[in-house]
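Structure, as structure tokens:
There are 2 protein chains.
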Amino acid sequence: MPVAKGATLDPAQTRASILRAATGLLYQRGLDGIGVAELCATMGVSKETLYRHFGSKEGLVRAVLEARSQRIMAWVLKAVTAAGDEPYAQLAAVFDALAQWHEEPTFRGCGILNAATQQHEGPARLVAHHHLDRQLDVLTDIARRAGVSNATHLAKQFLALRVGATVLADHHADTEAALLAKQAALALLRSAITTPAPAPRP
Amino acid sequence: MPVAKGATLDPAQTRASILRAATGLLYQRGLDGIGVAELCATMGVSKETLYRHFGSKEGLVRAVLEARSQRIMAWVLKAVTAAGDEPYAQLAAVFDALAQWHEEPTFRGCGILNAATQQHEGPARLVAHHHLDRQLDVLTDIARRAGVSNATHLAKQFLALRVGATVLADHHADTEAALLAKQAALALLRSAITTPAPAPRP
DNA sequence: CGAACATCGAACCGAGCGGTTCCATCTGAG
DNA sequence: CTCAGATGGAACCGCTCGGTTCGATGTTCG
Chain B
1 MPVAKGATLD PAQTRASILR AATGLLYQRG LDGIGVAELC ATMGVSKETL
51 YRHFGSKEGL VRAVLEARSQ RIMAWVLKAV TAAGDEPYAQ LAAVFDALAQ
101 WHEEPTFRGC GILNAATQQH EGPARLVAHH HLDRQLDVLT DIARRAGVSN
151 ATHLAKQFLA LRVGATVLAD HHADTEAALL AKQAALALLR SAITTPAPAP
201 RP
Chain U
203 MPVAKGATLD PAQTRASILR AATGLLYQRG LDGIGVAELC ATMGVSKETL
253 YRHFGSKEGL VRAVLEARSQ RIMAWVLKAV TAAGDEPYAQ LAAVFDALAQ
303 WHEEPTFRGC GILNAATQQH EGPARLVAHH HLDRQLDVLT DIARRAGVSN
353 ATHLAKQFLA LRVGATVLAD HHADTEAALL AKQAALALLR SAITTPAPAP
403 RP
């Protein structure tokens, strides 16, 4: 990353380095909160290099968000598999990982959803939609393997708790939001198993 | 709103008219998505008038957000009181109102939380925090009058479901998020009443 | 060595931003 | 009628933005 002056260290490596640095800066300051010039200056990279690798600021943002989505999914799946085979334990692990994330001092909400909110045109909304899809898949799988009949509905309730807790941790400085969301999710799973299949009544 | 040329219709009325128009525009386009010039042109108001009434764009934003928070609270309280005295019915009414809001074609998430996410410095975050406080008060009151022992915890879980459902309705185009959140909230309340007081186990 | 390549640094561009000012116009109160 | 006040319209200001271009510097490979 020092990148002397005319180093041909490896374009792919330069690209990865930019991606890594830009991820943090765009997350902390917001997509429109930092310009390309300051971005480049802070990363120690010239604008020409950035534009050769990503084409535009929007291209950089898209790459950052997609990489972030990948990283988050890997991190969630790792927590789930580390929790063993028990659906209850896996569900608890998802929310424990959430709590751990919320406690990081640099936490500022979900970077992907924040981006989609800031840039309400552009690729961020697509990335966010896809990202939520994948998170829902994980939760649906847990619910299904727990043997409930309405796994899809239950998973959506888990997901609402998950993103709701993240928003509260951010905008309400609620340090116990993830823990309470976990207890709520476990209670819902328990209730869904004892109660066979509640017909949806509006 | 026609406001011929030099009309002294009433400064307060002008202010209210600006506030009303700006609320919609800033919500739809985002705080940074529309400039003061376009804002004024669309509203049919001169920049001088806007700056005389609100001092700065940030002042306008603050006024818009505070008015919005007031309006939302009034709307929630109206739904709650219209639901009678039963805590269950009141809780259901809160989420039914949510569903109704999500179905509006102009729905774009919670304007206050969106603003706080877009403008992560500035007054929006304070308004958002206060707004969540007040929403939590309503839910805590419902939980308390339902006779549960851990009303505060339960209310935070309701709030997480509420904001989570709103985020999913926006970013995931999830039209049934509010309904599922309602069912989850009711199940949690039911479970909290049958189960006396679950000791918080981390 | 020499050609190709990647990079930095800086200058530059047009556009849009938030904000200010001036003035002609119109209204309502005295 | 007259005058103070509120307004619209337009020009203007300094600044920052995303993006482009150019030359100098250094590395890698044949």
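Top to bottom, those sequences are chains B and U.
Under my numbering, the first residue of the first sequence carries the number 1, and numbering increases by one thereafter.
Under my numbering, the first residue of the second sequence carries the number 203, and numbering increases by one thereafter.
Using N, Cα and C, we set each Cβ at its ideal position, and we do this for glycine too.
Q.
According to DSSP, simplified to helix, strand and coil, what is SER271 (chain U)?
A. Here SER271 (chain U) sits in helix by DSSP.
Q. Between the C-alpha atoms of ASP96 (chain B) and ALA89 (chain B), what's the straight-line distance to the nearest angstrom?
A. Within the model, the alpha-carbon separation for ASP96 (chain B) versus ALA89 (chain B) is close to 10 Å.
Q: With DSSP as the reference, label ALA199 (chain B) as helix, strand or coil.
A: With a pLDDT of only 49 at ALA199 (chain B), under 50, the local geometry of the prediction cannot be trusted, and no value is derived from it.
Q: Report all residues from its chain with a CB closer than 8 Å to the CB of ALA317 (chain U); omit the five preceding and five following residues, and keep chain order.
A: Answer for ALA317 (chain U): LEU228, LEU233, VAL263, LEU267, ALA326, VAL329 and ALA330, listed in chain order.
(Q) Within a Cβ cutoff of 7 Å, which residues of the same chain sit near THR397 (chain U), ignoring the five residues on either side of it in sequence? (A) So no residue of the chain qualifies.
Q. With a CB to CB cut of under 7 Å and the five nearest residues on each side skipped, what residues in its chain are close to ARG15 (chain B)?
A. Take ARG15 (chain B), set aside five residues on each side of it, and the residues of its chain with a beta-carbon closer than 7 Å to its own are HIS53, in chain order.
Q. Counting Cβ pairs closer than 8 Å, one from the stretch 69-81 of chain B and one from the stretch 143-161 of chain B, do we hit at least three?
A. Too few Cβ pairs lie closer than 8 Å, so no.
Q) How would you list, in chain order, the residues of chain B whose beta-carbon sits under 8 Å from the beta-carbon of THR342 (chain U)? A) In chain order: nothing, as chain B lies at least about 13 Å away.
Q: Just the chain B side, please: which residues come within less than 7 Å of SER393 (chain U) by C-beta, in chain order?
A: Taking the beta carbon of SER393 (chain U) as reference, the chain B residues within 7 Å of it are ALA187 and SER191, listed in sequence order.
Q. In chain U, which residues lie with their C-beta within 7 Å of the C-beta of HIS172 (chain B)?
A. Within chain U, the C-beta atoms nearer than 7 Å to that of HIS172 (chain B) come from HIS331 and LEU334, in chain order.
Q | Endpoints, the alpha helix (DSSP H) within which SER219 (chain U) is located | A | 213-231 is the span of the alpha helix (DSSP H), which, as asked, contains SER219 (chain U).
Q | Spatially closest choice to HIS131 (chain B) from U:GLY313, U:MET245, U:ARG231 and U:HIS374, by CA coordinates | A | It is U:HIS374.
Q | Cα-Cα separation, VAL45 (chain B) to SER17 (chain B) | A | Using only the alpha carbons, I get a separation of about 10 Å.
Q) Going along chain B in order, which residues have a C-beta closer than 7 Å to the C-beta of ALA367 (chain U)? A) When 7 Å is used as the limit between beta carbons, ALA367 (chain U) is near these residues of chain B: ALA160, in chain order.
Q | Outcome for PHE158 (chain B) when other beta-carbon atoms lying within 10 angstroms are tallied against a minimum of 16 | A | Buried, by the Cβ-count rule.
Q. Using a Cβ-Cβ distance under 8 Å, would GLY324 (chain U) count as near chain B?
A. It does not; no Cβ of chain B falls within 8 Å.
Q.
Please confirm whether ALA199 (chain B) has its beta-carbon closer than 8 Å to some beta-carbon of chain U.
A. A caution first: ALA199 (chain B) carries a pLDDT of 49, below 50, which makes its placement in the model unreliable, though a value can still be read off. Not one chain U Cβ lies under 8 Å of ALA199 (chain B).
Q: Less than 8 Å between the CB atoms is what I'm expecting for LEU98 (chain B) and ALA67 (chain B), so what's the real figure, rounded?
A: Wrong, their Cβ atoms sit about 20 Å apart, outside the cutoff.
Q: Taking GLN359 (chain U) as the query, report the chain B residues whose CB atoms sit under 8 Å from its CB, ordered along the chain.
A: Going along chain B in sequence order, the residues near GLN359 (chain U) (Cβ under 8 Å) are LEU161, LEU180, ALA181, GLN183 and ALA184.
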